[in-house]
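Asks: Chains as they are written, first to last, in the working numbering: chain A, 7 to 231; chain B, 7 to 231.
For every residue, glycine included, the Cβ atom is placed at its ideal position computed from N, Cα and C.
What you are looking at is a predicted structure, and each value in this text was computed from that prediction instead of being measured.
To start, I am sharing the structure in question, which I have written as structure tokens.
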DNA sequence: ATTAACTCTTACAGTTGTTGTAAGGTTAGA
DNA sequence: TCTAACCTTACAACAACTGTAAGAGTTAAT
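Structure (structure tokens):
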């Protein structure tokens, strides 16, 4: 069954939510902002995130932006903040719906179902700031242009974008693409990096993949650095 | 610029909406339920529909369902009905968001932008009952299976599905695929029909394209016949 | 400055998928 | 039965993608 992650520090409210969702058949995982919420959410790979904004440790807005850039969602903000500016801000940063507490369980469920239905047919774009990557179709959008990537190019790009601003280890990339292969030439990754860089050049994204000698590769630029 | 269709009978409210949206740069077309709203909406091919529920001639719910079945949207319901059951009903029938009047212009605009953004990345599936066609990606979904169609196969399939249950004239298909070509062999359509049929066979969709001798081809079966 | 390890680039060939052509076979209906 | 309409199959051209190979360039430590 679909897994929903709840990011909420209020224990009472959290349990109430869990009860509602579990009755509806969802598998629920709750995360508080005192743990390492971002990593936990990603590793749970939920089909929907319910997010409170009033977290003592970390701004809900930051979580929104972080998750959206990595193509994780949908995000439903459920908060007691009923100010319009909060709603506008959340929606702008990537929240997909914004409900204020108290919220009738049926409304919550209806909105959850709507978002999940919308997302089922969506091609999620990984956002790197000045370009977006459709990881299902392997298409790169740069301003008004777009270019289609090959399977290999898409896989590499996906890893780089998701890791921003970290460095992706070359072993990691190698294993991901050729880990199950019998034997491949040792420079296969380099060749494919050259090809990807050339493709990026064609759409004006030059010098965006940095080589970190001995370690791996890193996507640079965009809105994150 | 993006076109928004407003379905609203209250003249005053309609003009207020038009003013708000036009200030935001949208091109707006208003439709009242006294005309032939369904056809008008489709022929306007809007990028979003703002729908009132309290229409004297036709239920807003009916409009929702009608539009959704034809893959037209997104639909934003904007109504004075603030009962939960109305919202649930509208969402279930295909509305993508539900706002109650009075609604702050900024909230309306934010929700509109959110929906348009979601839809821009959505692959709408043409529904033929027992299978679905993703016309952007040329992928055919049959139950839990899916198969990727070639460009030609996808174009033909798209025409057939959209025309169901009518016959598509062979000249029409020919012009659509090879109309701009210098010269092509006269049996090119037949060859491609054979290929498409063979591909459909592979996913269990046998004998679904009927030849109408002298006229063209017709998709049969599914939930429409 | 030298050197060795690391990285990049380019050309080539094999593979796969798509497409149009050509030739011949089959079917429907008068 | 006869013929126009339709179907099928094989073939070759083409484009895209991929891995291999060889050689060139770059970096950082000595």
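What does residue 151(B) reach in chain A if we use C-beta pairs closer than 9 Å?
Replies: Here the premise fails: no neighbours, minimum Cβ distance about 16 Å.
Asks: Step through the CB atoms of chain A and report whether any lies within less than 8 Å of the CB of residue 141(B).
Replies: No, its Cβ sits nowhere closer than 8 Å to a Cβ of chain A.
Asks: Give a yes or no on whether the minimum CB-CB distance between residue 230(A) and chain B is below 8 Å.
Replies: Only weak support is given to the placement of residue 230(A): the predicted model assigns it a pLDDT of 47, under 50, and the value that follows is read from those uncertain coordinates. Taking Cβ atoms only, chain B never reaches closer than 8 Å to residue 230(A), which makes this a no.
Asks: From which residue to which residue does the beta strand (DSSP E) around residue 86(B) run?
Replies: Per DSSP, residue 86(B) belongs to no beta strand (DSSP E) and is neither H nor E.
Asks: In whole angstroms, what is the alpha-carbon distance linking residue 77(B) and residue 195(A)?
Replies: Using only the alpha carbons, I get a separation of about 42 Å.
Asks: So with Cβ pairs under 8 Å, would you call residue 35(A) a contact of chain B?
Replies: Chain B contact via Cβ: absent.
Asks: Out of 109(A), 148(A), 136(A), 225(A), which one is the CA nearest neighbour of residue 19(A)?
Replies: Checking every option, the nearest Cα to that of residue 19(A) belongs to 109(A).
Asks: Any idea if residue 140(B) is buried or exposed, counting beta-carbon neighbours within 10 angstroms, 16 or more meaning buried?
Replies: Classification for residue 140(B): buried.
Asks: Could you pull out every unbroken alpha helix (DSSP H) segment of at least 4 residues lying fully inside the stretch 9-36 of chain A, listed in chain order?
Replies: Complete alpha helix (DSSP H) runs here, min 4: 17-29.
Asks: What's the C-alpha gap between residue 52(B) and residue 102(A)?
Replies: Using only the alpha carbons, I get a separation of about 22 Å.
Asks: Is there a Cβ of chain B sitting closer than 8 Å to that of residue 130(A), yes or no?
Replies: Residue 130(A) counts as touching chain B.
Asks: Please report whether the beta-carbon of residue 207(B) lies at a distance below 8 Å from any beta-carbon of chain A.
Replies: So no, residue 207(B) is outside the interface.
Asks: Indicate whether at least one CB of chain A lies closer than 8 Å to the CB of residue 136(B).
Replies: No, no contact with chain A.
Asks: Could you tell me whether the Cβ of residue 146(B) comes closer than 8 Å to any Cβ of chain A?
Replies: Not closer than 8 Å to any Cβ of chain A, the Cβ of residue 146(B) fails to qualify, so no.
Asks: According to DSSP, simplified to helix, strand and coil, what is residue 198(A)?
Replies: Three-state DSSP puts residue 198(A) in a helix.
Asks: Less than 8 Å separating the beta-carbons of residue 146(A) and residue 215(A)?
Replies: No, Cβ-Cβ distance for residue 146(A) and residue 215(A) is not below 8 Å.
Asks: Could you have a look at residue 220(B) and say whether DSSP puts it in helix, strand or coil?
Replies: Reduced to three states, the DSSP call for residue 220(B) is coil.
Asks: According to DSSP, is residue 158(A) helix, strand or coil?
Replies: Helix, per DSSP.
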